[in-house]
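K.L.:
If you count the sequence shown from 1, position 233 lands on 235 in this note's numbering, and the numbers rise without skipping.
Where is the CB? At the ideal position from N, CA and C, for every residue including glycine.
Keep in mind the model is a prediction, meaning the values are calculated, not measured.
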Amino acid sequence: MSLLSKAQPGGQIQHITPQSAGWRYIGFDVRMLKKGQSITLESGERELCLVLVAGRASVKTRDADFPGLGQRMSPFERTPPWSVYVPPHDRVEVTADSDLELAVCSAPASGTLHARAIPPHEVGVELRGKGRNQRRVHNILPDSAQAECLLVVEVYTAEGATSSWPSHKHDTALPGKETQLEETYYHRFDPPQGFAFQRVYTDDRALDISMAPGNHDVVMVPRGYHPVAAIAGYDNYYLNVMAGPERKWLFSWEADHAWINGDNYPRVAE
């Protein structure tokens, strides 16, 4: 069972569908466009969130026009991105106004919302954790924002630190306590030759896979815990997509490691 999707050469470096992943909800593509290039996408029965990971673009849907989007030329500028929400049964044309790294996140939807741009100032920024477990989070489509199924977030982990830690999971529907969500991690590194370690595992270890994603690789999390460790010397960025039957991010900590959230971490040398 492979949960690691390696980046492919060419313009479409990632192409993950529910069928290829063996799950129900998430689709995830990454397109690399040269300045002046255009692509046209049909949303079909799915809602899309187009994230400008790096570069500038103009985006048109059937009923909306969003020219001149984008300001960051690298995700490691650590500023929130521009994004565009596209409802089902729509057509969207993206034209690269500079070299462009475009993530296309998708999930099933019925079509109750309209296309809209999500500017950087609407993206919530927060710092989580402490010690060597600190990370910066950009909430692009949190569960408080309008969408039918998709949840989208960016996370920055400094070199030598951990994130998605202590281990947590969201694979069981427990009303008010935990939701069932598939998840993808699109990894980037600075410098680009870096890599991280990521483990996906369940309590009974029926699933227990460790991977070393590199630049532009995707880790798929169908269930279980999924911590990430960044290697010294290489800052880690990842774009998370989550989707499931209930659009709410509720999770459970792994009991053995939950103490890291408490006052005993980080330990103080005597």
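Can you check whether the CB of V243 is closer than 9 Å to the CB of S165?
P.N.:
no
K.L.:
Alpha carbon to alpha carbon, how far is V220 from P168?
P.N.:
21 Å
K.L.:
Give every residue of the same chain whose Cβ lies closer than 6 Å to the Cβ of V154, excluding the five residues on either side of it in the sequence, and list them in chain order.
P.N.:
C51, C107, I142, L143 and V243.
K.L.:
Does DSSP put N266 in a helix, a strand or coil?
P.N.:
coil
K.L.:
Rounding to the nearest angstrom, what Cα-Cα distance links R269 and A163 in this structure?
P.N.:
15 Å
K.L.:
Between the Cα of A175 and the Cα atoms of V32, N238, R118 and K250, which residue gives the shortest distance?
P.N.:
K250
K.L.:
Indicate the three-state DSSP secondary structure (helix, strand or coil) for H218 in the structure shown.
P.N.:
In the three-state reduction of the DSSP assignment, H218 falls in the coil class.
K.L.:
If you draw a straight line from the alpha carbon of S100 to that of V32, how long is it in whole angstroms?
P.N.:
16 Å
K.L.:
Tell me, please, which residues DSSP counts as bridged to N238.
P.N.:
T159 and F191
K.L.:
Would T63 be called buried (16 or more neighbouring beta carbons within 10 Å of its own) or exposed?
P.N.:
buried
K.L.:
Out of L152, G12 and A119, which has the shortest C-alpha to C-alpha gap to A59?
P.N.:
A119
K.L.:
How many Å lie between Q182 and R48 at the Cα?
P.N.:
Using only the alpha carbons, I get a separation of about 19 Å.
K.L.:
Can you give me the start and stop residues for the alpha helix (DSSP H) that P20 sits inside?
P.N.:
P20 to A23
K.L.:
To the nearest angstrom, how far is it from the Cα of E272 to the Cα of N266?
P.N.:
Because the pLDDT of E272 is 48, which lies under 50, any placement of that residue in the model is unreliable, and the number read from its coordinates should be weighed accordingly. Whole-angstrom Cα-Cα distance: 13 Å.
K.L.:
Just list the beta strand (DSSP E) runs in the stretch 49-96, keeping only unbroken ones of 3 residues or longer that don't cross its boundaries, in chain order.
P.N.:
The qualifying runs are 59-62, 67-71 and 85-88.
K.L.:
Between which residues of its own chain and L241 is the CB-CB distance below 6 Å, once the five residues before and five after are set aside?
P.N.:
A105, E156 and Y188
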